[in-house]
Each structure stands twice: as C-alpha cells, then as structure tokens.
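A.B. asks: Take a look at this one; I'll ask things after.
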Amino acid sequence: MAAPLHIKTFAQARHTVTAPRQGLHEITGDILAWLEGQTVTAGLLTLYLRHTSASLLIQENYDRDVLRDLEDFFAAQAPEDTALYRHDAEGADDMPAHIKGALTQTHLAVPICDGELLLGRYQGIFLFEHRRVPRAREIVLHFEGQ
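So in our numbering the end of the sequence shown lands on 367, straight run, no missing numbers.
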C-alpha cells in the first residue's frame with residue numbers, strides 16, 4: 222500500500238482595512254473571502270498586523286455589548302491624558318494606542334479543517350483600532366497546509 226501523498230501548499234497576501242472609527246471591527250468576512258480564493262483543505266492561517274497602535278482579536282461576535290465592554294475596559298486602562306505619558310508625538314491618543322496594542326496582540330493563528338476556518342460558534346476576527354482617527358491597516362495573511 223502506497224503512503225498517502227501530502228502536498229504542501231502556502232499562500233500569502235496583504236489585506237488593507239480602514240476601520241470606520243476607533244474600536245473593534247469584525248473582519249471575519251474579509252478573511253473568509255480571501256480564503257475562498259485559495260485551494261486549501263487543512264492547515265494554519267496566520268494573520269499579522271503591521272502596526273503598533275492597532276491589534277487583532279478573536280472575540281465574541283454575537284452580542285455587541287461584549288465589544289462595547291471591551292472598548293470601555295481598554296479605554297479605562299489607558300486613558301487619553303497627555304499628562305500621564307512622555308510620548309504624545311501624534312496627540313492624546315498616541316501613547317494609549319500603543320499601550321492597548323501591547324496589552325493585546327498583532328498576530329493570530331487559526332486552524333483550517335475541511336477548507337473551513339475553525340472559529341467557535343460565536344467567534345469572529347476583529348481589527349481593534351486604537352487611534353481616534355482610523356488609518357489604513359495592513360494585515361498579512363499567510364496560509365500553510367494542504
């Protein structure tokens with residue numbers, strides 16, 4: 222009996238997102254749209270955000286109050302008060318944005334099985350924009366598997 226043939230595949234792309242405002246914004250649909258254009262069955266999708274004043278989260282996407290509570294929590298942890306920080310080169314939201322970024326993450330890894338992103342029932346992928354004036358954010362998508 223011959224051993225099964227495992228063909229290793231990888232795909233990579235840069236995806237730009239501009240959030241409409243400060244806060245959490247679901248991007249699961251964008252990620253799924255890119256994934257549908259790939260020939261994948263199983264593997265790992267890595268997302269990497271190339272910025273220090275925004276972050277990526279996997280979070281509940283069913284109840285909007287969860288997102289509001291998270292936004293309020295992070296606003297309380299890193300208030301926009303220039304008297305608290307040395308670094309304020311780009312305004313009162315500059316250093317708080319970096320603190321929020323440090324407390325969260327700029328990369329995620331999500332498994333793929335049978336061609337589907339293995340997120341939980343109420344999980345979504347979110348861009349967390351920490352700046353008051355949103356900027357274009359580049360996310361590197363990298364799939365490796367078969």
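C-beta: ideal position from N, C-alpha, C; glycine also. Here the structure is a predicted model, which means the values were calculated and not measured.
#1: Taking the CB atoms as reference points, tell me whether L338 and I252 lie closer together than 9 Å.
#2: Can you tell me the Cα-Cα spacing of A313 and T273, whole angstroms?
#3: Quick one: what's T327 bridged to in DSSP?
#4: Ignore the nearest five residues each way along the sequence and tell me which others in Y343's own chain have a CB closer than 7 Å to its CB.
#5: Per DSSP, what kind of secondary structure is R352 in: helix, strand or coil?
#6: When you compare each of R285, A297, A357 to S276 by their alpha carbons, which one comes out closest?
#7: Quick check: the region 261 to 269 against the region 326 to 341, are at least 3 beta-carbon pairs closer than 8 Å?
#8: Taking 9 Å as the cut-off, decide whether the C-beta atoms of R242 and P317 are in contact.
#9: So, are the CB atoms of L278 and F364 less than 9 Å apart?
#10: Could you round the C-beta distance between V261 and G336 to whole angstroms and report it? I think they count as a contact, below 8 Å.
#11: G250 and E350 - do their beta-carbons sit closer together than 9 Å?
#12: Would you mind listing the beta strand (DSSP E) stretches within the region 223 to 280 that are 3+ residues and don't spill past its ends, in chain order?
#13: Can you give, in chain order, each stretch of the beta strand (DSSP E) that sits fully within the region 275 to 320 and has at least 3 residues?
C.D. replies: In this structure, then:
#1: Here residue 338 refers to the residue found at position 117 of the sequence shown. Here residue 252 refers to the residue found at position 31 of the sequence shown. Closer than 9 Å, so yes.
#2: The count along the sequence shown starts at 1 and reaches residue 313 at position 92. The count along the sequence shown starts at 1 and reaches residue 273 at position 52. Approximately 16 Å between the Cα atoms of the pair.
#3: Counting from one through the sequence shown, the residue named residue 327 turns up at place 106. T327 is not bridged to any residue.
#4: The residue you call residue 343 lines up with position 122 of the sequence shown. Closer than 7 Å at the Cβ level, and outside the excluded window around Y343, lie E281, N282, Y283.
#5: Translated into positions along the sequence shown, residue 352 becomes position 131. Here R352 sits in coil by DSSP.
#6: Start at 1 with the first residue of the sequence shown, and residue 276 comes out as number 55. Of R285, A297, A357, the residue nearest in Cα terms is A357.
#7: yes
#8: As a position in the sequence shown, residue 242 is number 21, starting the count at 1. As a position in the sequence shown, residue 317 is number 96, starting the count at 1. The answer is no: Cβ separation not under 9 Å.
#9: Taking the first residue of the sequence shown as position 1, residue 278 is located at position 57. Taking the first residue of the sequence shown as position 1, residue 364 is located at position 143. Their beta carbons are not under 9 Å apart, which means L278 does not touch F364 by this criterion.
#10: In the sequence shown, counting from the first residue as 1, residue 261 sits at position 40. In the sequence shown, counting from the first residue as 1, residue 336 sits at position 115. Going by Cβ atoms, the distance from V261 to G336 rounds to 6 Å, so yes, they are a contact pair.
#11: Within the sequence shown, numbered from 1, the residue matching residue 350 stands at position 129. Within the sequence shown, numbered from 1, the residue matching residue 250 stands at position 29. No, Cβ-Cβ distance for E350 and G250 is not below 9 Å.
#12: 230 to 239, 244 to 247, 264 to 270
#13: 275 to 281
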